[in-house]
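In our numbering, the protein residues as written are 12 to 824. Heads up, the thing below is written out as structure tokens.
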Amino acid sequence: MNKMGSEPLDQGGIDVTFDVSVERHLKNEVGATQATATPTDWMRATALTAREGLAARWLQTQHDDNAVGARRAYYLSAEFLIGRAMSNALAALNLDKDFASEMKKMKLEASDVLETEPDAALGNGGLGRLAACFLDSLATLGVPSFGYGIRYEFGMFTQRIQDGKQVETPDNWLANGNPWEFPRGDIHYIVPFGGWVEYVNGRPVWTPSERIMARAYDMVIPGHGTERVSTLRLWKATALEELDLSAHTRGDYARAAETRSKAENISWVLYPDDSTPQGRELRLRQEFFFVTASLQDIIARHIRAYSSLDNLYEKAAIQLNDTHPALAVPELMRLLMDEHDLTWDDAWYQTSRIISYTNHTLMPEAIETWPVGIMQYLLPRHLDIIYEINRRFLSMVAARFPGDTALLSRVSLIAEDGEKRVRMGNLSIVASTKVNGVAKLHSDLMVQTIFADFAKIYPDRFTNVTNGVTPRRWLGQCNPGLTKLISKKLRGQWQIDLDQLSKLKKYADDEAFCAEVAKVKLANKERLAAYIKRETGIVVDPNALFDIQVKRIHEYKRQLLNVLHVIQRYREMIANPDADWQPRVHVFAGKAASAYKMAKLIIRLIHDVARTVNNDPRIKDRLKVVFLPDYRVSVAEKIFPAADISEQISTAGTEASGTGNMKFALNGALTVGTWDGANIEIAENVGLDNIFIFGLRTEEVEKLSQEGYNPRAWYEGNADLKAVLDMIASGYFTPEEPNRYQAIVETLLGRDQYFLLADFAAYVETHRQVDAAYRDRANWLTKVVHNISGMGMFSSDRTIGEYCKNIWGIKAR
Numbered sequence: 012m013n014k015m016g017s018e019p020l021d022q023g024g025i026d027v028t029f030d031v032s033v034e035r036h037l038k039n040e041v042g043a044t045q046a047t048a049t050p051t052d053w054m055r056a057t058a059l060t061a062r063e064g065l066a067a068r069w070l071q072t073q074h075d076d077n078a079v080g081a082r083r084a085y086y087l088s089a090e091f092l093i094g095r096a097m098s099n100a101l102a103a104l105n106l107d108k109d110f111a112s113e114m115k116k117m118k119l120e121a122s123d124v125l126e127t128e129p130d131a132a133l134g135n136g137g138l139g140r141l142a143a144c145f146l147d148s149l150a151t152l153g154v155p156s157f158g159y160g161i162r163y164e165f166g167m168f169t170q171r172i173q174d175g176k177q178v179e180t181p182d183n184w185l186a187n188g189n190p191w192e193f194p195r196g197d198i199h200y201i202v203p204f205g206g207w208v209e210y211v212n213g214r215p216v217w218t219p220s221e222r223i224m225a226r227a228y229d230m231v232i233p234g235h236g237t238e239r240v241s242t243l244r245l246w247k248a249t250a251l252e253e254l255d256l257s258a259h260t261r262g263d264y265a266r267a268a269e270t271r272s273k274a275e276n277i278s279w280v281l282y283p284d285d286s287t288p289q290g291r292e293l294r295l296r297q298e299f300f301f302v303t304a305s306l307q308d309i310i311a312r313h314i315r316a317y318s319s320l321d322n323l324y325e326k327a328a329i330q331l332n333d334t335h336p337a338l339a340v341p342e343l344m345r346l347l348m349d350e351h352d353l354t355w356d357d358a359w360y361q362t363s364r365i366i367s368y369t370n371h372t373l374m375p376e377a378i379e380t381w382p383v384g385i386m387q388y389l390l391p392r393h394l395d396i397i398y399e400i401n402r403r404f405l406s407m408v409a410a411r412f413p414g415d416t417a418l419l420s421r422v423s424l425i426a427e428d429g430e431k432r433v434r435m436g437n438l439s440i441v442a443s444t445k446v447n448g449v450a451k452l453h454s455d456l457m458v459q460t461i462f463a464d465f466a467k468i469y470p471d472r473f474t475n476v477t478n479g480v481t482p483r484r485w486l487g488q489c490n491p492g493l494t495k496l497i498s499k500k501l502r503g504q505w506q507i508d509l510d511q512l513s514k515l516k517k518y519a520d521d522e523a524f525c526a527e528v529a530k531v532k533l534a535n536k537e538r539l540a541a542y543i544k545r546e547t548g549i550v551v552d553p554n555a556l557f558d559i560q561v562k563r564i565h566e567y568k569r570q571l572l573n574v575l576h577v578i579q580r581y582r583e584m585i586a587n588p589d590a591d592w593q594p595r596v597h598v599f600a601g602k603a604a605s606a607y608k609m610a611k612l613i614i615r616l617i618h619d620v621a622r623t624v625n626n627d628p629r630i631k632d633r634l635k636v637v638f639l640p641d642y643r644v645s646v647a648e649k650i651f652p653a654a655d656i657s658e659q660i661s662t663a664g665t666e667a668s669g670t671g672n673m674k675f676a677l678n679g680a681l682t683v684g685t686w687d688g689a690n691i692e693i694a695e696n697v698g699l700d701n702i703f704i705f706g707l708r709t710e711e712v713e714k715l716s717q718e719g720y721n722p723r724a725w726y727e728g729n730a731d732l733k734a735v736l737d738m739i740a741s742g743y744f745t746p747e748e749p750n751r752y753q754a755i756v757e758t759l760l761g762r763d764q765y766f767l768l769a770d771f772a773a774y775v776e777t778h779r780q781v782d783a784a785y786r787d788r789a790n791w792l793t794k795v796v797h798n799i800s801g802m803g804m805f806s807s808d809r810t811i812g813e814y815c816k817n818i819w820g821i822k823a824r
């Protein structure tokens with residue numbers, strides 16, 4: 012297929028140019044003409060044109076992989092936060108310039124058309140965005156691969172702000188269809204639930220009480236600089252019989268659709284509220300639903316190619332992205348034994364060589380466990396298999412470590428202190444060929460703390476693969492000005508060889524280059540400022556320092572520490588309003604889980620502080636606070652290029668890696684962060700002089716915790732901190748409801764689980780250093796260039812290359 016718009020495109024054997032192809036789709040599929048078409052119509056017609064090119068690549072990729080009998084990587088994830096697909100597809104097909112030209116002929120801006128595409132609501136945070144970056148790199152590196160997940164109809168939720176409070180509404184991103192997906196009507200699998208297990212002639216027979224259908228929808232993820240693509244196969248839940256016709260005939264219309272509604276509920280919403288028993292059951296159903304459909308699909312593909320499962324482990328590498336897909340372990344065992352007649356030993360041999368597990372957290376409470384009762388109710392056969400895995404595993408451990416009953420209790424797949432629960436992290440480790448962390452510190456701590464016992468049992472099983480981000484999306488697409496500037500210096504395909512960024516170091520003291528970098532940054536800040544005004548009504552100065560923290564709202568992410576600093580800065584400014592203060596804009600964005608009351612209270616506090624600060628005439632607009640609602644990929648693409656400061660301030664030892672820190676630094680923001688996660692590796696690559704590290708280190712946090720951390724003593728010992736908390740407690744920001752934030756103050760003074768008070772003084776002092784550094788524009792821009800030039804290792808291409816070499820045994824490009 013010729014990919015330039017001025018030349019023919021091969022569309023199903025008919026040679027047409029890009030403009031003719033778009034117009035054909037506009038007329039035939041969208042049902043509009045050039046005279047009547049809206050920007051949304053043009054978006055859909057262009058998407059359908061690009062989709063044809065991607066379909067041709069998809070067919071060729073599958074043919075090539077099948078022809079050589081390639082080993083495939085199968086990435087199982089509950090989230091794939093892919094965002095908008097249009098810009099990425101056009102760039103991969105080399106059609107982006109043609110698209111802009113065609114839209115100009117129609118008196119439209121290409122950006123206005125692109126803005127009409129909804130974000131695919133298939134994820135929420137870093138876990139899902141990482142998975143999306145991996146798909147891009149899998150295609151770019153030519154790795155035979157499939158991503159597997161759920162086709163969420165409503166995603167997580169759309170975040171609205173009313174009176175400063177988060178309000179959740181459905182995110183109906185599929186309301187007008189999805190031009191990028193390929194429904195696979197012939198690919199569907201039965202998903203069983205419930206019932207009982209009985210033994211017939213010594214063999215277990217599971218008789219489910221409920222069956223639903225998983226139907227496949229494919230999205231094609233293009234590679235860059237290659238004709239290769241990756242496949243994201245998503246599963247939609249449907250009923251086997253979608254309508255109870257007899258009930259409908261009787262006039263009982265609600266009952267007639269009940270079965271369909273119950274089935275489809277599984278793929279409606281990402282992460283249903285699990286604060287209720289019904290919510291927890293739905294979440295477990297979701298996890299098993301996409302796991303069994305994916306495994307059945309993998310096995311069916313293998314049997315079509317080889318007729319036998321004897322070599323499945325040689326042709327399939329399954330990666331579990333956190334514990335959400337951990338049911339793949341007992342389900343693969345069940346399918347191999349119950350459906351394909353393998354013995355236990357043969358099935359375990361295959362399973363333990365196919366599956367690997369990525370851990371994303373050091374917090375034990377964040378690693379999934381499931382009550383044995385709900386597992387028995389929904390998945391009785393799987394509970395039997397888990398018990399047998401555990402019996403064999405504990406027998407092995409007891410033989411190697413005789414008499415250590417405490418060790419057996421700690422590593423058991425079943426927690427028996429209180430309600431019996433299945434430990435999904437332990438299950439994943441026992442069955443995996445490799446277990447990896449996602450940053451050097453995280454991987455080290457993983458084997459020193461939460462999984463220390465398993466590291467003793469399996470010393471060669473644990474490894475590290477530091478996360479990365481795709482530079483095509485997070486530089487090329489979101490920051491075209493900087494991309495163009497870099498291309499003038501590097502030329503060639505540096506976006507698929509990001510190590511070339513290191514060549515920019517020689518320009519760190521080049522005044523002309525730094526001036527161009529500053530010009531690009533200002534343009535990006537002006538764009539974000541316009542978006543802020545449109546979304547919130549708040550006017551901000553693009554010449555101010557943009558201090559940005561965007562991520563899931565959670566206590567360990569410490570947005571609250573950021574707010575405490577904002578209040579301290581505000582106090583200082585009103586105490587000395589005539590001082591030469593560095594103007595700042597503090598930007599927050601992120602969603603709080605619907606049942607997470609403290610996180611939602613933090614969002615409200617941000618808004619109340621913003622209301623006070625932004626309307627205080629004494630400040631003279633030199634301090635602004637903004638909360639951008641409904642944070643998503645398309646919003647992130649506006650935020651990252653505009654940041655001067657990237658806030659990465661999690662309590663040391665709690666953040667596994669982070670990828671927002673990488674995106675910010677790649678776009679020329681300087682990090683204010685703790686010695687945590689990938690901040691450490693960023694510091695090592697950009698230079699400690701070009702990053703702002705503050706606060707307690709992991710070992711200091713641990714020591715303080717063991718000695719008995721008393722947050723009230725820190726409060727009493729720091730006059731500024733005391734004044735800040737007293738302002739919140741007194742109702743200064745909420746005179747209409749003085750006790751609104753009593754829970755926040757009491758939590759900080761009572762336990763302060765994430766050591767905000769201990770890090771407060773260092774954090775405030777670090778921001779004073781930031782102010783001084785920002786005023787020295789030449790030196791600041793030198794630091795910016797060092798950050799950009801040091802980010803080569805944080806490409807997801809490098810990450811996927813390491814997975815291929817060290818875990819999957821697959822050769823990448």
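Cβ atoms here follow ideal geometry from the backbone N, Cα and C, with glycine treated the same way. The model shown is predicted, which means the values in this text are computed figures rather than measured ones.
Distance, residue j Cα to residue i Cα
{"i": "Val202", "j": "Ser498", "result": "50 Å"}
{"i": "Leu338", "j": "Val441", "result": "13 Å"}
{"i": "Phe204", "j": "Arg222", "result": "6 Å"}
{"i": "Phe805", "j": "Thr218", "result": "49 Å"}
{"i": "Asp641", "j": "Gly479", "result": "24 Å"}
{"i": "Ala526", "j": "Asp308", "result": "54 Å"}
{"i": "Met230", "j": "Phe168", "result": "22 Å"}
{"i": "Lys500", "j": "Leu515", "result": "8 Å"}
{"i": "Phe462", "j": "Val620", "result": "41 Å"}
{"i": "Gln753", "j": "Lys733", "result": "15 Å"}
{"i": "Tyr159", "j": "Val340", "result": "15 Å"}
{"i": "Asp30", "j": "Ala227", "result": "32 Å"}
{"i": "Gln22", "j": "Thr303", "result": "Caution is warranted here: a pLDDT of 40 is assigned to Gln22, below 50, making its placement in the model unreliable, and the coordinate value is therefore given only provisionally. Near 36 Å, if we compare the C-alpha coordinates of Thr303 and Gln22."}
Residue i burial status per 10 Å Cβ neighbour count (16 or more: buried)
{"i": "Gly213", "result": "exposed"}
{"i": "Ala225", "result": "buried"}
{"i": "Leu70", "result": "exposed"}
{"i": "Met374", "result": "exposed"}
{"i": "Arg643", "result": "buried"}
{"i": "Ile25", "result": "Because the pLDDT at Ile25 is just 39, under 50, the model does not fix this residue reliably, and the point stays unresolved."}
{"i": "Asn39", "result": "exposed"}
{"i": "Leu616", "result": "buried"}
{"i": "Ile314", "result": "exposed"}
{"i": "Leu20", "result": "For Leu20, the predicted structure reports a pLDDT of 46, less than 50, and the residue's modelled location is therefore unreliable. A value from the coordinates is still provided. Under this definition Leu20 is a buried residue."}
{"i": "Arg83", "result": "buried"}
Assigned secondary structure, residue i (DSSP; H/G/I helix, E/B strand, else coil)
{"i": "Lys635", "result": "strand"}
{"i": "Glu18", "result": "Bear in mind that a pLDDT of 44 at Glu18, under 50, signals an unreliable position, so the number given afterwards is only what the model happens to contain. Coil."}
{"i": "His99", "result": "First, the amino acid is wrong: residue 99 is Asn here, not His. Here Asn99 sits in helix by DSSP."}
{"i": "Lys176", "result": "strand"}
{"i": "Ala186", "result": "coil"}
{"i": "Ser806", "result": "strand"}
{"i": "Gln330", "result": "strand"}
{"i": "Ser286", "result": "coil"}
{"i": "Thr28", "result": "coil"}
{"i": "Asn447", "result": "strand"}
{"i": "Trp207", "result": "strand"}
{"i": "Val697", "result": "helix"}
Any non-hydrogen atom of the ligand PLP closer than 6 Å to residue i Cβ
{"i": "Asn490", "result": "By its list of ligands, the structure shown contains no ligand whatsoever, and the ligand PLP lies outside what it can speak to."}
Below-7 Å beta-carbon distance, residue i vs any chain D residue
{"i": "Pro382", "result": "Protein chain content of the structure displayed is limited to a single chain, and chain D is not contained in it."}
Integer Cβ distance of residue i from residue j, believed to fall under 8 Å
{"i": "Gly803", "j": "Leu509", "result": "5 Å"}
{"i": "Pro652", "j": "Asn798", "result": "At roughly 13 Å, the Cβ-Cβ gap does not stay under 8 Å, so Pro652 and Asn798 are not in contact."}
Open item on the list: I want to know whether the region 96-109 touches the region 290-302 - three or more CB-CB distances under 8 Å.
Closed with: no
Open item on the list: For the region 555-574 against the region 763-775, do three or more pairs of beta-carbon atoms, one drawn from each stretch, fall closer than 8 Å, so that the two count as touching?
Closed with: yes
Task: Inter-stretch contact at 8 Å, needing at least 3 Cβ pairs: the region 376-384 / the region 426-439 - done: yes
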